[in-house]
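Encoded as structure tokens, the structure appears first; notes follow it.
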């Protein structure tokens, strides 16, 4: 695409050089610049990309976008474009380069402090079960229909977002799901993306102008009425089509009679959904806690607004799985094993408190966290486990540039504030094996910290490993040992019966008689 075409409609301060140059890709990472690239300089929190202009030119950049005057520009044949806001320009240029793909599908933006990815998995799983071609942009994992691709960033920038939407368009995706954080909105990562639905789960901060601008771009706004900021959003948002859901108040879609329960071997929550727009629904979701009731209400409301029968959605809920979110690992050992990411103190506390009523015996938590993260948060996570678990096994996940022992040491400081027993395994797989091996029937084992991640990053390597695979291998081995033992016991019992029969026969025949 020609640079001149890309710049149409973009507020520009100045432009020098050949605007007819062909642009082959757009990037804000100087390491990804190649011949024909448009390099957009972002003045970030840690680094200012304007300092990498010489590197970009050397690697063949055809055009450079800057936000401020730059001295000592390198020699070369390239266009130089100065804009008012390089982040907003990056979003606009990325959307234009890929042909504004968001206009060709229904997109759902999931916003809030927590629950976005859980709800995203539930929405995607519903679509897969109902033969709807759905995309789910989950950071490092990109779902296109029932195919999974590796992403490059946990919070992708505009070129990655628009590139994914273009791939969905080419794959004839009808519905796309994007978790959008407050940071994503502030950093303009989804600006120029057209959303059918903006769904607000919760918030722990006052609304910013950019957030209001974001919500105003959504055709339909679905709001958790029980959240403390909902009244501000409803009052300030200019979007006239607003739908609410909740448990406490009189929302458009509301839950009543919420209580814990089981459905077969699934633990979860029962409740009734009421609305003036459709008939009451009896619902079971195989996920514990009030926070998952909100997820279920959001799911029903969202799909209803897209034309699905709420009764059909409610009937699907017992079969939906959110990968890495209270994800059950079924087994024949009479153990309750769950995988969850819960990497923030508030999430961990809510999860453990929600699961405690389902725990028949001990609660064993395998707690891990990654390197280069807040040490204060680690201590808080350890303290919560110490207060709510019966045994805590401390591990590291992706240590990155830290020593695993330093990570587990911070977690141990938190547990030490309590009387809870704990053990330390710097190798997470060993900690998982220990928890499952020592557990007795009725115990609940929670594998916390990784969720659905299937890799670990250290200073030396990136290796493929997941909690689900490790737990499954340990469980399969124990189940195999139990079957072998049962077979051996049965064989021994058979031999004992045979000997008894031989003895009785001998007595009848006079052998051994007096």
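In my numbering, the protein residues as written are 1 to 514. Each residue gets a CB set at the ideal place from its N, CA and C atoms; glycine is no exception. From a predicted model like this one, the values you see are computed outputs, not experimental measurements.
Under 9 Å between C-beta atoms, does residue i make it to chain D?
i           : result
residue 490 : Any reference to chain D falls outside this structure, which holds one protein chain only.
Assuming residue i and residue j are in contact, meaning their beta carbons sit under 8 Å apart, how far apart are those beta carbons, in whole angstroms?
i           : j           : result
residue 57  : residue 76  : 4 Å
residue 267 : residue 317 : With a Cβ gap of about 14 Å, residue 267 and residue 317 do not count as contacting.
residue 382 : residue 411 : 4 Å
residue 98  : residue 6   : Incorrect: roughly 11 Å between the Cβ atoms, too far for contact.
residue 387 : residue 418 : 5 Å
residue 38  : residue 12  : Contact flag wrong, Cβ pair sits at about 13 Å.
residue 298 : residue 222 : 7 Å
Classify residue i as helix, strand or coil using the three-state DSSP reduction.
i           : result
residue 442 : coil
residue 85  : coil
residue 350 : helix
residue 162 : helix
residue 14  : strand
residue 3   : helix
residue 265 : coil
residue 307 : coil
residue 507 : Here residue 507 scores only 42 on pLDDT, less than 50, and its place in the model should not be relied on; the value that follows carries that caveat. In the structure shown, residue 507 sits in a helix (DSSP, three-state: H, G or I).
residue 9   : coil
residue 513 : A caution first: residue 513 carries a pLDDT of 36, below 50, which makes its placement in the model unreliable, though a value can still be read off. In this structure, residue 513 counts as coil in the three-state DSSP scheme.
residue 390 : coil
residue 30  : helix
residue 385 : helix
residue 327 : strand
residue 132 : coil
residue 422 : strand
residue 417 : coil
residue 463 : strand
residue 149 : strand
residue 179 : strand
residue 368 : strand
residue 19  : coil
residue 57  : helix
residue 258 : strand
Taking all protein chains shown into account, do 16 or more other C-beta atoms lie within 10 angstroms of the C-beta of residue i, making it buried, or fewer, making it exposed?
i           : result
residue 27  : buried
residue 245 : buried
residue 513 : With a pLDDT of only 36 at residue 513, under the threshold of 50, the placement of this residue in the model should not be trusted; the figure read from the coordinates follows. Exposed, since its Cβ has fewer than 16 Cβ neighbours within 10 Å.
residue 528 : Nothing about residue 528 can be read from this structure; the chain reaches only from 1 to 514.
residue 356 : exposed
residue 444 : buried
residue 277 : exposed
residue 561 : There is simply no residue 561 to check, as the chain begins at 1 and stops at 514 in what is shown.
residue 460 : exposed
residue 2   : exposed
residue 116 : buried
residue 463 : exposed
residue 471 : buried
residue 86  : buried
residue 310 : buried
residue 511 : Note on residue 511: pLDDT 40, under 50, position unreliable in the model; no value is reported.
residue 353 : exposed
residue 153 : exposed
residue 141 : buried
residue 508 : For residue 508, the predicted model reports a pLDDT of 47, less than 50, meaning its position is unreliable; a value from the coordinates is still stated below. Flag for residue 508 reads exposed.
residue 248 : exposed
residue 280 : exposed
The ligand FAD and residue i: does the residue's C-beta get closer than 8 Å to at least one heavy atom of that ligand?
i           : result
residue 112 : Among the components of this structure there are no ligands whatsoever, and the ligand FAD is therefore not found.
Per DSSP, what are the beta-bridge partners of residue i in this structure?
i           : result
residue 373 : Paired residues: none, contrary to the question.
residue 282 : 272
residue 245 : 224 and 253
residue 39  : 27 and 64
residue 337 : 445
residue 48  : 43
residue 432 : Answer is none; residue 432 lacks a bridge partner.
residue 458 : 400
residue 144 : 135 and 147
residue 395 : 368
residue 105 : Answer is none; residue 105 lacks a bridge partner.
residue 79  : 63
residue 124 : Residue 124 pairs with nothing; no bridge assigned.
residue 200 : 111 and 223
*Counting pairs of Cβ atoms below 8 Å between the region 338-357 and the region 419-428, do you hit three or more?*
no
*Given 8 Å as the limit, is there contact between the region 380-398 and the region 430-445, that is, 3 or more CB pairs closer than that?*
yes
*the region 326-339 in contact with the region 471-485 per 3-pair CB rule at 8 Å*: yes
_Check whether the region 162-176 and the region 98-114 touch, using three or more Cβ-Cβ pairs below 8 Å as the test._
Between the region 162-176 and the region 98-114 there are three or more inter-stretch CB-CB distances shorter than 8 Å, so the stretches are counted as touching.
*Evaluate the contact criterion for the region 367-375 versus the region 399-410: three or more CB pairs, one atom per stretch, below 8 Å.*
yes
*Segment contact, 8 Å Cβ cut-off, at least three pairs: the region 336-343 with the region 242-259*: no
*Would the region 37-53 and the region 83-91 be scored as touching if the rule is three or more Cβ pairs under 8 Å?*
yes
*Below 8 Å, can you find three or more Cβ-Cβ pairs linking the region 153-170 to the region 66-83?*
no
*Using 8 Å as the threshold, is the region 146-165 in touch with the region 201-218, meaning 3 or more CB pairs across them?*
no
*Between the region 227-240 and the region 211-218, do three or more beta carbon pairs fall short of 8 Å?*
With the cut-off at 8 Å, the region 227-240 and the region 211-218 touch.
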